[in-house]
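All residue numbers for the sequence shown refer to the working numbering, where the first residue is 608 and numbers rise by one.
Backbone N, C-alpha and C fix where the C-beta goes; we use that ideal spot for every residue, glycine too.
Remember, predicted model here, so these are calculated numbers, not experimental data.
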Amino acid sequence: MGRVPREAFVPPDLVGMAYDDAALPIGDGQTISQPFIVATMCALLELVGTEAVLDVGTGSGYAAAVLDELARHVVSIDRIETLAVRARRALDQTGHADVEVRVGDGSLGVPDRAPFDAIAVAAAARRLPEPLYEQLAPGGRIVLPRGGPGGQRLVRITRGPSGPVETASLACRFVPLV
Ligand code: SAH
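Quick look at the structure:
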């Protein structure tokens, strides 16, 4: 995270708040996640640098950049094209041109780039979308905020030899997965 300039991923009028440990608005009703939460998600994914990662909910592109520092390859997808275009620019400007940014419904995963060793979901869902689990490599991990507007918890789901293995982490609050 020390290598990723967060100010490149926030709107120009909020650059002064880029290093606050807070989520910030990025337009289209969306937010750049709180740094502490990005760090927690990355820690739960236990990346060693060799992984193919899927980042669902590109938003500003900040989490994709952090994941790019920790893994071999990152594919990031958002349903809002204007955000994806802006994220692409910020990723290019900060040395993360290798991150592949897609526009589309991330709850369907990115089948043509699967399997993934790790999947980070930055939008809350009541349950894990099945295609995401199916696109996980054996031993792969997904971290997602599970729940609705009333309350969510960050959970890690690992694709184990005899099925999903779940670990609950922090309470959190994300925008909904649409
Ligand atoms: N990781 C981002 C934070 C993203 S906020 C960052 O570091 O800035 C959540 C994002 O998820 C929003 O940009 C929203 O457009 C996106 N989103 C919500 N539902 C989605 C879906 N079904 N597919 C892809 N993206 C989705």
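Residue i, DSSP secondary structure in three states
{"i": "residue 639", "result": "strand"}
{"i": "residue 632", "result": "strand"}
{"i": "residue 613", "result": "helix"}
{"i": "residue 652", "result": "helix"}
{"i": "residue 620", "result": "helix"}
{"i": "residue 671", "result": "helix"}
{"i": "residue 678", "result": "coil"}
{"i": "residue 782", "result": "coil"}
{"i": "residue 735", "result": "coil"}
Residues bridged to residue i [DSSP beta-bridge criterion]
{"i": "residue 723", "result": "743"}
{"i": "residue 749", "result": "726, 764"}
{"i": "residue 772", "result": "765"}
{"i": "residue 758", "result": "755"}
{"i": "residue 708", "result": "683"}
{"i": "residue 787", "result": "In the structure displayed, the chain extends from 608 to 785; residue 787 sits before or after that span and is not available."}
{"i": "residue 662", "result": "683, 727"}
Identity of the residue in the options nearest residue i by Cα
{"i": "residue 684", "options": "668, 611, 637, 614", "result": "668"}
{"i": "residue 765", "options": "731, 720, 653, 712", "result": "653"}
{"i": "residue 692", "options": "744, 707, 723, 773", "result": "707"}
{"i": "residue 731", "options": "718, 754, 719, 744", "result": "754"}
{"i": "residue 743", "options": "660, 784, 629, 713", "result": "660"}
{"i": "residue 760", "options": "728, 769, 785, 747", "result": "728"}
{"i": "residue 745", "options": "664, 726, 624, 690", "result": "726"}
{"i": "residue 722", "options": "618, 639, 739", "result": "739"}
{"i": "residue 779", "options": "756, 772, 771", "result": "756"}
{"i": "residue 688", "options": "673, 632, 664, 676", "result": "664"}
{"i": "residue 714", "options": "662, 676, 771", "result": "662"}
{"i": "residue 682", "options": "781, 640, 752, 718", "result": "718"}
{"i": "residue 750", "options": "674, 623, 704, 632", "result": "674"}
{"i": "residue 769", "options": "635, 695, 658, 747", "result": "747"}
{"i": "residue 622", "options": "630, 613, 628, 629", "result": "613"}
Cβ-heavy atom distance, residue i to the ligand ZN, below 7 Å
{"i": "residue 665", "result": "Looking for the ligand ZN in the displayed structure turns up nothing; the ligands present are the ligand SAH."}
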